[in-house]
């Protein structure tokens, strides 16, 4: 599997509205879009080149009885750097931090490979970077508390 880096936003607004917020905060240029997915590009923050950013509904559903950190996060921001793959995780982290600063009322998660929970930010609680091998999937949700919005 190719490395992937995702940012999850706990919002219920339509993808188009969220894409506008994200593009404004991150200084992105819209390349293409549908009602369900928007494709942007922006200049790298840690290298001279382009980073692709896709904004779409979070379609990852847990199995019955399973808990995932991103269950209550309605929008996924997929960060891709095909020409500087080694910098992709850093670019995602920098975008995560910019979104936390630019959208302070929104809970935000940062993940790697849809497996590892890298960081979480929650209004009124703060931002936390997790130790290596903190998984997005339960059952051990204790490391996430109080940083992640959990399902009831």
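In our numbering, the protein residues as written are 29 to 180.
C-beta atoms are modelled at their ideal positions from N, C-alpha and C, and glycine is treated no differently.
**Request:** Starting from the C-beta of residue 61, find all residues in its chain whose C-beta is less than 8 Å away, skip the five residues before and the five after it, and write them out in chain order.
**Result:** Here residue 61 refers to the residue found at position 33 when the chain shown is read from its first residue. Answer for residue 61: 44, 47, 67, listed in chain order.
**Request:** Would you verify that the beta carbon of residue 54 is, or is not, closer than 9 Å to some beta carbon of chain C?
**Result:** Looking for chain C here will not work: only one protein chain is present.
**Request:** Tell me whether the beta-carbon of residue 36 lies closer than 9 Å to the beta-carbon of residue 131.
**Result:** On the chain shown, residue 36 is found 8 positions in, with the first residue counted as 1. On the chain shown, residue 131 is found 103 positions in, with the first residue counted as 1. No, they are not a contact pair.
**Message:** Quick check on this structure: which residue in 166, 171, 173, 144 has the alpha carbon closest to the alpha carbon of residue 93?
**Reply:** Along the chain shown, read from residue 1 onward, the residue named residue 93 stands at position 65. If you compare the alpha carbons of 166, 171, 173, 144 with that of residue 93, the shortest gap goes to 166.
**Item:** Buried or exposed by the 16-neighbour rule on C-beta atoms within 10 Å, applied to residue 76
**Value:** As a first step, residue 76 must be located in the chain shown, where it is residue number 48. That one is exposed.
**Asked** Is DSSP giving residue 140 helix, strand or coil here?
**Response** Within the chain shown, the letter at position 112 stands for residue 140. Of the three classes helix, strand and coil, the one that applies to residue 140 here is strand, per DSSP.
**Request:** Excluding the 5 residues preceding and the 5 following residue 33 in the sequence, name in chain order all residues of the same chain whose CB lies nearer than 6 Å to its CB.
**Result:** Here residue 33 refers to the residue found at position 5 when the chain shown is read from its first residue. The residues are 107, 116, 117, 120, 140.
**residue 126 vs residue 54 beta-carbon contact at 9 Å** = As a first step, residue 126 must be located in the chain shown, where it is residue number 98. As a first step, residue 54 must be located in the chain shown, where it is residue number 26. Residue 126 places its beta carbon less than 9 Å from that of residue 54.
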